[in-house]
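Structure, as structure tokens:
Chains as they are written, first to last, in the numbering used here: chain A, 1 to 291; chain B, 1001 to 1247.
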């Protein structure tokens, strides 16, 4: 029993980090219907920033979010300006964005491999090897910090969307773009800002990834598969859905890993993806989409 | 006094053909205008061109002597022209109150905005009652009220309604038209596009018949209502058999 609860605790802790990773992806989809295949490649890019900042300047990977988030925000805005503003109103925008972000992921992978080679990396701050105890249970300290930080960032994001003026405008654009225009929202600007925020969230995820997981340029394929299955399960474009999907699948994969061995835990995501697409393609909290 | 002048505008979507072809119209302050015409005549396009959702390819739109044909929608809203689109265009997962708040999105003063929202809520008791409900849970008539109420947050001088009675039951339609009268009585200039042309004209001072992107006829609403040619062509009046034989 204690063992199972311990595994559950690992699952929940990991779920918080997954939720942060998925939140940016789902926000970008929600506002612009862009399936950003390059989301995880950008996460890896940010992980390299955090890794080298730690390696060369001993900057704490957690504190590195103050660098990765603004840098990645600007990078997101630039990517949006260069690639997306020109294709937004063509007929096949949906398919185009998938191809575009797919190629962006490939280019990023290539550039990162060229610059930093394909060696496995992981930052090792002191807390990466320590544990924190809760009665009979424990969590690696780094994991605990990462989860707390992830949840805090998600809460901030939610408050921003719920109460700020720009947050209102972003939600309005998500819900009804035509109506948002009628009340005077600059929809194009909101799309750019949300893309920036989405990529800034990838930046924060990268900072955490730099010490939680080992990474190398090609690693982003595994991550994007996981993240897409999380947000498809929860309902694409729904922030709450991303949270539900992240926690459910992180817990499920932790349990599967415990009972059947760690080689089996990745399959949890894809099995869940197949099942949800068969049973409820719009996801748990998603809305049915018009054809 | 002429408040809005549309001078020979042509407009269309993307790289498509012109929907409006050299249309002109003068709008007098405080009057209600009903724009009628067959499908595809350019009625909605005209409203979109006035409020900056679509920029005319040529010609000018002048509001109080100022050329607004190149202005953005938020600038035009700020000047006092509001638009209620055909599908009511609400934010389904926002509450009634949040929808009203979006109506005042371009206002930066939060206090002022709160006051204006309260004012709209006192005008529409049904919306006040449902103020914390998501707008998707409202009935069709309530949604239309909300869409109109949302524009009133900005206290516009001109309000443009695109087929406000579309898809509503006759009793509710009646309420919407009474709303139109109320807007006129409060001093607003109303431009109404109506599929229900007869009803729309009854509640208007001036009627214009659009066809193929131009202003085919215009005149006092009752003249238009009683003009036999217009009745035949645009108001769907059936000729009786005897007359038909005579023609």
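Glycine included, every Cβ here is placed at the ideal spot set by N, Cα and C.
Beta-bridge partners of residue i, as assigned by DSSP
i, result
"residue 1215/B", "1210/B"
"residue 1160/B", "1083/B and 1191/B"
"residue 1026/B", "1005/B"
"residue 1032/B", "1190/B"
"residue 8/A", "Looking at the DSSP assignment, residue 8/A forms no beta bridge with any residue, so it has no partner."
Residue i classed as buried or exposed, judged by whether at least 16 other C-beta atoms fall within 10 angstroms
i, result
"residue 1243/B", "Reliability fails at residue 1243/B, whose pLDDT of 45 lies under 50, so the model's placement of it is uncertain and the value that follows must be treated cautiously. When all chains shown are included, residue 1243/B counts as exposed."
"residue 199/A", "buried"
"residue 1186/B", "exposed"
"residue 165/A", "exposed"
"residue 1144/B", "buried"
"residue 245/A", "buried"
"residue 137/A", "exposed"
"residue 150/A", "buried"
"residue 1097/B", "buried"
"residue 54/A", "buried"
"residue 57/A", "exposed"
"residue 227/A", "buried"
Same chain, Cβ closer than 7 Å to residue i, five either side skipped, listed in chain order
i, result
"residue 214/A", "120, 121 and 122"
"residue 1043/B", "1035, 1037, 1193 and 1210"
"residue 1045/B", "1011, 1019, 1020 and 1054"
"residue 293/A", "Any question about residue 293/A goes unanswered here, given that chain A covers just 1 to 291."
"residue 1126/B", "1142 and 1145"
"residue 141/A", "127, 130, 131 and 132"
"residue 944/B", "Any question about residue 944/B goes unanswered here, given that chain B covers just 1001 to 1247."
"residue 69/A", "200, 203 and 204"
Residue-level contact to chain A via CB, residue i, 9 Å cutoff
i, result
"residue 1131/B", "no"
"residue 1150/B", "yes"
"residue 1157/B", "no"
"residue 1034/B", "no"
"residue 1105/B", "yes"
"residue 1083/B", "yes"
"residue 1045/B", "no"
"residue 1092/B", "yes"
"residue 1077/B", "yes"
"residue 1102/B", "yes"
"residue 1051/B", "yes"
"residue 1137/B", "no"
Within-9 Å CB hit, residue i to chain B
i, result
"residue 191/A", "no"
"residue 179/A", "yes"
"residue 94/A", "no"
"residue 114/A", "no"
"residue 175/A", "yes"
"residue 185/A", "yes"
"residue 123/A", "no"
"residue 151/A", "no"
"residue 182/A", "yes"
"residue 19/A", "no"
"residue 172/A", "yes"
"residue 165/A", "yes"
"residue 242/A", "no"
Distance CB(residue i)-CB(residue j) smaller than 9 Å
i, j, result
"residue 1228/B", "residue 1205/B", "no"
"residue 152/A", "residue 46/A", "no"
"residue 12/A", "residue 147/A", "yes"
"residue 1154/B", "residue 1116/B", "yes"
"residue 249/A", "residue 18/A", "yes"
"residue 220/A", "residue 50/A", "no"
"residue 191/A", "residue 84/A", "yes"
"residue 74/A", "residue 251/A", "no"
"residue 1150/B", "residue 185/A", "no"
"residue 1177/B", "residue 1202/B", "yes"
"residue 31/A", "residue 194/A", "yes"
"residue 1009/B", "residue 1056/B", "yes"
"residue 125/A", "residue 258/A", "no"
Beta-carbon proximity list for residue i, same chain, < 8 Å, skipping 5 on both sides
i, result
"residue 1089/B", "1147"
"residue 93/A", "33 and 87"
"residue 177/A", "187"
"residue 1095/B", "1131, 1132, 1133, 1134 and 1135"
"residue 1215/B", "1023, 1024, 1025, 1208 and 1209"
Cβ shell of residue i (< 6 Å), same chain only, five flanking positions each side left out
i, result
"residue 101/A", "36, 37 and 38"
"residue 253/A", "265 and 268"
"residue 1160/B", "1047, 1083 and 1191"
"residue 1188/B", "1159"
"residue 1184/B", "1032 and 1190"
The ligand MN heavy atom lying under 8 Å from the CB of residue i
i, result
"residue 1178/B", "For the ligand MN, the structure offers nothing, since it holds no ligand at all."
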